[in-house]
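Participant: The sequence shown maps to residues 1 to 147 in full-length UniProt numbering.
Glycine is no exception: its CB is placed at the ideal position from the N, C-alpha and C atoms.
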Amino acid sequence: MVHRPHSSHLRTGRHSQAGGIYLVTAVTADRRPVFDDFHAARQLIQILHHHEFASRANTLAYVVMPDHLHWLFQLGEVESLSACVQRIKSMATKAIGPDLWQKGFHDHAIRCEEDLPAIARYIVANPVRAGLVSRVGVYPHWDAIWV
Numbered sequence: 001m002v003h004r005p006h007s008s009h010l011r012t013g014r015h016s017q018a019g020g021i022y023l024v025t026a027v028t029a030d031r032r033p034v035f036d037d038f039h040a041a042r043q044l045i046q047i048l049h050h051h052e053f054a055s056r057a058n059t060l061a062y063v064v065m066p067d068h069l070h071w072l073f074q075l076g077e078v079e080s081l082s083a084c085v086q087r088i089k090s091m092a093t094k095a096i097g098p099d100l101w102q103k104g105f106h107d108h109a110i111r112c113e114e115d116l117p118a119i120a121r122y123i124v125a126n127p128v129r130a131g132l133v134s135r136v137g138v139y140p141h142w143d144a145i146w147v
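This is the structure:
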């Protein structure tokens with residue numbers, strides 16, 4: 001695994017608030033394109049939609065890219081932001097295979113005045129910006145409650 005000298009800085013200043021809205025990015029280990037595999041990507045999506053997360057996180061939008069996940073959600077009352085993301089990563093590792101993720105994750109707390117549908121559009125357009133597809137609708141691994 002590649003050494004990430006500043007990965008501990010990802011946790012600096014992290015704040016977790018029940019009911020808060022977060023945009024999280026989780027990256028695969030060594031940026032391997034694990035989710036190029038359709039089945040692996042769908043397994044991660046099933047986990048994001050799993051009923052167990054109804055009280056933990058309300059998914060608003062996501063896109064599963066070949067080597068990372070962008071996930072916009074409202075944190076529930078049950079656990080912290082770190083615990084919620086760790087649960088997703090752990091369940092995906094059990095379903096897909098070991099050494100799936102880089103340690104840590106990047107998060108951005110969304111301020112209430114930010115435009116959530118615009119953020120969701122930005123997230124789901126990621127495959128177009130990356131040159132994977134010409135139109136969002138062609139890419140199979142995304143969803144947003146506003147679309």
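#1: K103: buried (16+ other C-beta within 10 angstroms of its C-beta) or exposed?
#2: Between the stretch 30-39 and the stretch 105-113, do at least 3 Cβ pairs fall closer than 8 angstroms?
#3: Under DSSP, the alpha helix (DSSP H) around I21 begins and ends at which residues?
#4: Given W146, which residues of its chain have a CB within under 6 angstroms of its CB, disregarding the five upstream and five downstream residues?
#5: Just tell me which of F105, I123, Q43, L100 has its CA closest to the CA of T28.
#6: Please go through the same chain and pick out, in chain order, the residues whose beta-carbon is closer than 6 angstroms to the beta-carbon of A95, but skip the five residues on each side of it.
#7: Among Y139, P98, L81, which has the Cα closest to the Cα of A57?
#8: Going by C-alpha to C-alpha distance, which of V64, Y22, R87, E77 sits closest to A125?
#9: Please go through the stretch 48-76 and give each complete beta strand (DSSP E) segment of 3 or more residues, from N-terminal end onward.
#10: Measuring alpha carbon to alpha carbon, tell me which of P66, P140, T93, E79 ends up nearest Q17.
#11: Output the boundary residues of the alpha helix (DSSP H) element that contains A95.
Facilitator: On the basis of the data shown:
#1: exposed
#2: no
#3: Where I21 is concerned, there is no enclosing alpha helix (DSSP H), although the beta strand (DSSP E) it sits in stretches over 21-27.
#4: P117, A120
#5: L100
#6: Q43
#7: L81
#8: V64
#9: 57-65, 68-75
#10: E79
#11: 81-96
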